[in-house]
Structures are given as C-alpha cells and as structure tokens.
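Asker: Read top to bottom, the protein sequences are chains A and B. Start counting at 1 in the first sequence, then tack on 3, and there's your number in our numbering. Start counting at 1 in the second sequence, then tack on 3, and there's your number in our numbering. Positions of the beta carbon are idealized from the N, C-alpha and C atoms, including for glycine. These numbers come from a predicted model, not from an experiment. Pasting in a structure now, in structure tokens, and then I'll have a few things to ask.
2 protein chains.
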Amino acid sequence: MPRAELIDDSRRSPKWKARREAIIDVSAPVFARHGYHATGIAELCEANELGKGALYHYIGSKEQLLADIHDRVMDEVMEGANRVANAEVSSSEALTMLGDELIGIIASYPDHVWVFLHEYQALTGERAERFRLRRQEFEQRVEGILTTGIRSGEFRDVDPKLTSRAWLGMHNYTYLWLKDHGPLTAHEVASAFDDIFIRGIATT
Amino acid sequence: MPRAELIDDSRRSPKWKARREAIIDVSAPVFARHGYHATGIAELCEANELGKGALYHYIGSKEQLLADIHDRVMDEVMEGANRVANAEVSSSEALTMLGDELIGIIASYPDHVWVFLHEYQALTGERAERFRLRRQEFEQRVEGILTTGIRSGEFRDVDPKLTSRAWLGMHNYTYLWLKDHGPLTAHEVASAFDDIFIRGIATT
Numbered sequence: 004m005p006r007a008e009l010i011d012d013s014r015r016s017p018k019w020k021a022r023r024e025a026i027i028d029v030s031a032p033v034f035a036r037h038g039y040h041a042t043g044i045a046e047l048c049e050a051n052e053l054g055k056g057a058l059y060h061y062i063g064s065k066e067q068l069l070a071d072i073h074d075r076v077m078d079e080v081m082e083g084a085n086r087v088a089n090a091e092v093s094s095s096e097a098l099t100m101l102g103d104e105l106i107g108i109i110a111s112y113p114d115h116v117w118v119f120l121h122e123y124q125a126l127t128g129e130r131a132e133r134f135r136l137r138r139q140e141f142e143q144r145v146e147g148i149l150t151t152g153i154r155s156g157e158f159r160d161v162d163p164k165l166t167s168r169a170w171l172g173m174h175n176y177t178y179l180w181l182k183d184h185g186p187l188t189a190h191e192v193a194s195a196f197d198d199i200f201i202r203g204i205a206t207t
Numbered sequence: 004m005p006r007a008e009l010i011d012d013s014r015r016s017p018k019w020k021a022r023r024e025a026i027i028d029v030s031a032p033v034f035a036r037h038g039y040h041a042t043g044i045a046e047l048c049e050a051n052e053l054g055k056g057a058l059y060h061y062i063g064s065k066e067q068l069l070a071d072i073h074d075r076v077m078d079e080v081m082e083g084a085n086r087v088a089n090a091e092v093s094s095s096e097a098l099t100m101l102g103d104e105l106i107g108i109i110a111s112y113p114d115h116v117w118v119f120l121h122e123y124q125a126l127t128g129e130r131a132e133r134f135r136l137r138r139q140e141f142e143q144r145v146e147g148i149l150t151t152g153i154r155s156g157e158f159r160d161v162d163p164k165l166t167s168r169a170w171l172g173m174h175n176y177t178y179l180w181l182k183d184h185g186p187l188t189a190h191e192v193a194s195a196f197d198d199i200f201i202r203g204i205a206t207t
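Below, the structure written as structure tokens:
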C-alpha cells in the first residue's frame, strides 16, 4: 500500500475524529446490506450525507474504510480479551468471560461483525496483513487460556490450537442468527455455549 | 421467480446433465475466488471454455448456477444426514457420525461450501426460500438427535435449538481454515470436535 494512502490522524481535531468514527458506523450497515464490492462511493456519500470530496477527506479510500470497520471490531475484541487477562480467575472462568465478551460484541455490532467476517478477503497488502496479525493475536489469547488450563490440570490434554478453533467457530458463528435469537440475551447465549464447552474439556 | 427461468431437466440427456454438473463444479471456485456479484458471465464462459449462448443453455442464469451450487452441497449434506438417520446407534454416536459427515463434505467441497456459506444472501425469491427450507431441514435433524438424546437420558436437559446452533457453528466454521489444517484429516478434526461436544452435553 502506498504510504500516501495511510491516514495520519494524530494531528486531527477531536471533531474530525468523531465525524470519522460516525462515518465508520454509518457505513458498516451499508456494506453489510450490499457487500463491500457492490457498494459504490455514491451510496456511501448518500448514507453519510456527504459529498464525494468530503467523504474522502475523512475515509481516505473505500478500502481504508473497510479496514477501519475491521479495526473497530478488533479494538473491542482485544479490549474484552485484556479485561479477561487482567481478571484473576480460573481458566474455566476466563474462557467463559471471553465468550461473554465476544458474543456481547457480536450482538452490539451486528453489521460491523458481518462486514468483519464476510469481507476480510477484500483487504489487500499491508491492511490484509495487519488484520491477519490482529486476528491471530486474539486466537492466541484463546489458545493461551486453554494451555494454562491444561497445565493446571483444569482442562484435559486437548490440542489447544484445534480446540481454540472449535471454540471460535461456536462463538463467531452466532453472527448469522444472533439478531433473531428470540427471548435470550447475548449473555444467556454465551453462558449456555460456554457451559457446554467447559464441560467438554474439563478434567472432571 | 418466473416459471420460464426454471430449468426442466427431466427430458435432458445424460450427457447434457453431466456437462451441467461439470459446469457447476468448475464455476464454484470462480465464485469462491471473486465473490458471486463480482463474477461476470464472461469469466464463467472462460473457466468453462464455453460461449455465452452455450453456457446459458446449461445454466439458465447466473443465479440458477448459484442455486445449483447450493443444491450440490445440500444434496451431500442430506445424504449424510439420511445415512445417520438409518444407522441404529445411540444419540452420541449419531451426532458424532453427523459431524463426521459434515466436516467431510466441507473438506471435499471447499469452494462449493465457501459459496454456500458466503453467498446465500444473493439468492432471491423462490430460490432463497427453497434454500432456507433445505437448511432448516438439516438443522431440524441436528435438533432431532439432541431431543432424542435428552428424552433417553443420554444428554442433559439443554435447549435443543440453541445447542444445535452451537454444534453447527463449531462444525460449519471449519470452512475457513480446514484447507490449512496441517497434518490432521477431516475425520480427526471431526472426532476431536464431537468428543468435546458430546462430553459437554452428556449426563454422565
């Protein structure tokens, strides 16, 4: 990616940054509805009530906007993972907390997460690599909790990598139906899921 | 969907049908690579080494081709589910068998499954409804195994619908990484996953 495409927002005003955040949030449902490639700049301008020049002033490029939506999800996910890392709890409780954080984010940002999970392949070059590393970082947090639990004897001797993928699939996939989950809250869904998962890997 | 768009292939020759099947299989990776909306008829013609007229002669329309890819996956999935239904096994064994069938299909048809899971929203009208019903039919098979196991006392008193979604997420999500799962076979992945899941819902 050419350097010039990157937005250096360190010198921007709080107002500019707030407007940019708002554009990210307004654009996520537009991408979620029609798909990234099928969404034109004209549609984004209309949704954000901005002219083309003004929109580019905030987003840099359509792909940068996509990357920003990804970062918004990953920022929340890693904040949740940090809260779990800082809590002094057992491995079972840590995994349950992390599941609760993750499904909470999926419920709070359904459109962002849809774009995040469906359109990550549209990111190219440095942006694709950055996103891959951020995802990997989260996956390693899940593996880390599993490894700690195995070492302490709380969990059976499962394969941490494979087991983290089972766990991630179970949780991430809720993005397809969580909006229509009826009377259950995101917290109740997460509790039921992690109850199954923890029993599935516990030594006792 | 206008009736005229439907392909009545009951009077077609075996040769015509075989050619059509081949086109479905060649086109799945093209959609998987670029996405359904971004793939033009010209690209499909090139991949299939056919002129536009000849291609339409077999596929009817681009959306019908997408529906055919979905059906190809669902046919396999339901065949697997029928094998499980006909086996005289416990509920735990039935769920383990079904997981093995499902991950086996995901491993055998990675591109079809990618299109199936990523592009189902591009189906419209009757085709979307037909696909929704076929998916639902499979989900009900999973719920059915869970309900039987709960009644027989093999499984705890979990919510069958919610638990089926946990199970489906854990299995379906493998489509994102199963190609790169290293030394493990699809069968080994399924065994590890269903071992966790069965322990998670078992009464003992």
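Counting only Cβ pairs nearer than 9 Å, list the residues of chain A close to residue 77 of chain B.
Answerer: As a working note, residue 77 of chain B is residue 74 in the second sequence. Ordered by position in chain A, no residue passes the 9 Å Cβ test against residue 77 of chain B, which lies about 16 Å from the chain.
Asker: Could you check if residue 42 of chain B is buried or exposed, using at least 16 other CB atoms within 10 Å of its CB as the buried criterion?
Answerer: Sequence index remark: in the second sequence, residue 42 of chain B carries index 39 (1-based). Per the 10 Å Cβ criterion, buried.
Asker: Taking 7 Å as the threshold (beta carbon to beta carbon), is residue 196 of chain A in contact with chain B?
Answerer: Within the first sequence, the letter at position 193 stands for residue 196 of chain A. Yes - at least one Cβ of chain B is within 7 Å of the one on residue 196 of chain A.
Asker: Does the Cβ of residue 86 of chain A have 16 or more other Cβ atoms within 10 Å, making it buried, or fewer, making it exposed?
Answerer: If you number the first sequence from 1, residue 86 of chain A lands on position 83. Exposed, since its Cβ has fewer than 16 Cβ neighbours within 10 Å.
Asker: For residue 136 of chain B, does the count of other Cβ atoms within 10 angstroms reach 16, so buried, or fall short, so exposed?
Answerer: Locating residue 136 of chain B in the second sequence gives position 133, where the first residue counts as 1. Label assigned to residue 136 of chain B: exposed.
Asker: Report yes or no: is there a C-beta of chain B within less than 7 Å of the C-beta of residue 169 of chain A?
Answerer: Position 166 of the first sequence, counting from 1, holds the residue named residue 169 of chain A. Yes, residue 169 of chain A lies at the interface with chain B (some Cβ there is under 7 Å from its Cβ).
Asker: Do residue 172 of chain B and residue 172 of chain A have their CB atoms nearer than 7 Å?
Answerer: On the second sequence, residue 172 of chain B is found 169 positions in, with the first residue counted as 1. On the first sequence, residue 172 of chain A is found 169 positions in, with the first residue counted as 1. Yes, Cβ-Cβ distance for residue 172 of chain B and residue 172 of chain A is below 7 Å.
Asker: What does the alpha-carbon distance come out to for the pair residue 33 of chain A and residue 24 of chain A?
Answerer: Residue 33 of chain A sits at position 30 when you count from the first residue of the first sequence. Residue 24 of chain A sits at position 21 when you count from the first residue of the first sequence. Roughly 15 Å separates the two Cα atoms.
Asker: Just the C-alpha distance for residue 67 of chain B and residue 168 of chain B, rounded to the nearest angstrom, thanks.
Answerer: Start at 1 with the first residue of the second sequence, and residue 67 of chain B comes out as number 64. Start at 1 with the first residue of the second sequence, and residue 168 of chain B comes out as number 165. If you take the alpha carbons of residue 67 of chain B and residue 168 of chain B, they lie about 28 Å apart.
Asker: Starting from the Cα of residue 189 of chain B, find the closest Cα among B:113, B:146 and B:155 and give me that residue.
Answerer: Indexing the second sequence from 1 puts residue 189 of chain B at position 186. Among B:113, B:146 and B:155, the Cα nearest to that of residue 189 of chain B belongs to B:113.
Asker: Between the segment 146-164 of chain B and the segment 89-103 of chain B, can you find at least three pairs of beta-carbon atoms closer than 8 Å?
Answerer: Touching, per the Cβ criterion.
Asker: Give me the DSSP bridge partner(s) of residue 205 of chain A.
Answerer: Sequence index remark: in the first sequence, residue 205 of chain A carries index 202 (1-based). In DSSP, residue 205 of chain A forms a bridge with A:158.
Asker: Does the beta carbon of residue 73 of chain A sit closer than 7 Å to a beta carbon anywhere in chain B?
Answerer: Within the first sequence, residue 73 of chain A is the residue found at index 70, counting from 1. No, its Cβ sits nowhere closer than 7 Å to a Cβ of chain B.
Asker: Determine whether the Cβ of residue 100 of chain B lies closer than 7 Å to any Cβ atom of chain A.
Answerer: Taking the second sequence and counting its residues from 1, the one referred to as residue 100 of chain B is at position 97. No, because no Cβ of chain A sits closer than 7 Å to the Cβ of residue 100 of chain B.
Asker: My parser needs the alpha helix (DSSP H) runs of 4 or more residues fully inside the segment 83-159 of chain A; what are they?
Answerer: Listed in chain order, the complete alpha helix (DSSP H) runs (minimum 4 residues) inside the segment 83-159 of chain A are 94-111, 113-121 and 128-154.
Asker: Give the interface partners of residue 59 of chain B over in chain A, defined as CB-CB distance under 9 Å, in chain order.
Answerer: Here residue 59 of chain B corresponds to residue number 56 of the second sequence, with the count starting at 1. What residue 59 of chain B touches in chain A: nothing, since even the nearest Cβ is about 23 Å away.
Asker: Taking the straight line between their C-alpha atoms, what separation do you get for residue 57 of chain A and residue 145 of chain A?
Answerer: Taking the first residue of the first sequence as 1, we reach residue 57 of chain A at position 54. Taking the first residue of the first sequence as 1, we reach residue 145 of chain A at position 142. Distance between the alpha carbons of residue 57 of chain A and residue 145 of chain A is about 41 Å.
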